[in-house]
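Student: Structure below; questions to follow.
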Amino acid sequence: MINRVLGLFLIIGILIFVLSFFSTSGQSEDQYQAEGPSRIQSVVILIREFLWGKASHSNAAASVTTAENPQEIFKRAYRANEKKAYLNAVEEYSKYLKLVPNDASAYYNRGLVHYTLKRYNDAVRDFEKAVEIDPSKTYAFLYKGYAYEMISDCKQAIEDFEKAISLGENKKCGTLWT
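Residues in the sequence shown are numbered consecutively from 1, following UniProt numbering.
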């Protein structure tokens, strides 16, 4: 069984390597970065989601018993994000937010996951909800600015960066102005 899994990973690795030679588009890295994950990133995300799904399927009984406990759902979402199972993390954070709709940290965390997946409009919505609930959430303003920058709304990005600076986030924002 282990040999089959290792063989599968070897084949996937070779395919990703070969695909990387055929994915040149003539654009610079910065120009197509906002379009979404590359084909290779998409394949890697799908593989991670598949493997995460297998691991969580074996613990299905435990998930069912804790499904209604908001803290357990939040922990699952956080762990999924740590394991780079981003689609699963979005799903878990969404479940959690249905039960606890006024948690600014959950909106912020889900926004970060959307940002990682290059779903910048979804990220902006979550960051906006986070600062609506907790206007002192400095990092939500900072990442909302980053997301606006990625969707080419520089005016709004600057406003959010300035708000983050006014709340005390000088370290990361300061590098934007130098």
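For glycine and all other residues, C-beta sits at the position ideal for the given N, C-alpha and C. All values reported here derive from a predicted model rather than from experimental measurement.
For SER110, does the count of other Cβ atoms within 10 angstroms reach 16, so buried, or fall short, so exposed?
Tutor: Residue mapping note: residue 110 aligns to position 110 of the sequence shown, counting from 1. Per the sequence shown, the amino acid found at residue 110 is Arg instead of Ser. By the 10 Å Cβ count, ARG110 comes out buried.
Student: What does a CB cutoff of less than 8 Å around TYR146 pick up in its chain, not counting 5 residues either side in sequence?
Tutor: As a working mapping, residue 146 is identified with position 146 in the sequence shown. Cβ within range, chain order: TYR115 and ALA157.
Student: Is the distance from the Cβ of ALA80 to the Cβ of GLU72 below 8 Å?
Tutor: For the purposes of this step, residue 80 is taken as residue 80 along the sequence shown, with counting starting at 1. For the purposes of this step, residue 72 is taken as residue 72 along the sequence shown, with counting starting at 1. No, the pair does not count as a contact, with Cβ atoms beyond the cut-off.
Student: Under 8 Å, do LYS129 and TYR107 count as touching if we go by C-beta distance?
Tutor: Reading the sequence shown from its first residue, position 129 is the one you call residue 129. Reading the sequence shown from its first residue, position 107 is the one you call residue 107. Yes. Within cutoff.
Student: Looking at the structure shown, is LYS155 part of a helix, part of a strand, or coil, going by DSSP?
Tutor: Counting from one through the sequence shown, the residue named residue 155 turns up at place 155. Looking at LYS155 - three-state DSSP - the assignment turns out to be helix.
Student: Measure from the alpha carbon of GLU149 to the alpha carbon of each residue in VAL113, LEU167 and LYS118, then state which is nearest.
Tutor: Reading the sequence shown from its first residue, position 149 is the one you call residue 149. For the residues VAL113, LEU167 and LYS118, the minimum Cα distance to GLU149 belongs to LYS118.
Student: Going by beta carbon distance, what residues of the same chain come within less than 8 Å of ASN102, once the five residues before and after it are set aside?
Tutor: Taking the sequence shown and counting its residues from 1, the one referred to as residue 102 is at position 102. ILE133, listed in sequence order.
Student: Got a sec? Which residues, its chain only, sit under 7 Å from PHE127 by beta carbon, not counting five neighbours each side?
Tutor: Position 127 of the sequence shown, counted from the first residue, corresponds to residue 127. TYR108, GLY111, ALA140, TYR143, LYS144 and ALA147.
Student: Please classify ILE11 as buried or exposed, where buried requires at least 16 other C-beta atoms within 10 Å of its C-beta.
Tutor: In the sequence shown, counting from the first residue as 1, residue 11 sits at position 11. Exposed.
Student: Spatial neighbours of ASP122 within its chain, please: C-beta separation below 6 Å, excluding the five flanking residues on both sides.
Tutor: As a working note, residue 122 is residue 122 in the sequence shown. Hits under 6 Å: HIS114.
Student: Could you spell out the range, first to last residue, of the alpha helix (DSSP H) harbouring ALA89?
Tutor: Position 89 of the sequence shown holds residue 89. It spans 86-99 - the alpha helix (DSSP H) in which ALA89 sits, taken as one unbroken run.
Student: What's the gap between the Cα of TYR86 and the Cα of SER166?
Tutor: Numbered from 1 along the sequence shown, position 86 holds the residue referred to as residue 86. Numbered from 1 along the sequence shown, position 166 holds the residue referred to as residue 166. Roughly 31 Å between the two C-alpha positions.
Student: How far does the alpha helix (DSSP H) with ARG119 in it reach, from first residue to last?
Tutor: Numbered from 1 along the sequence shown, position 119 holds the residue referred to as residue 119. Note, ARG119: premise wrong, no alpha helix (DSSP H); not H, not E.
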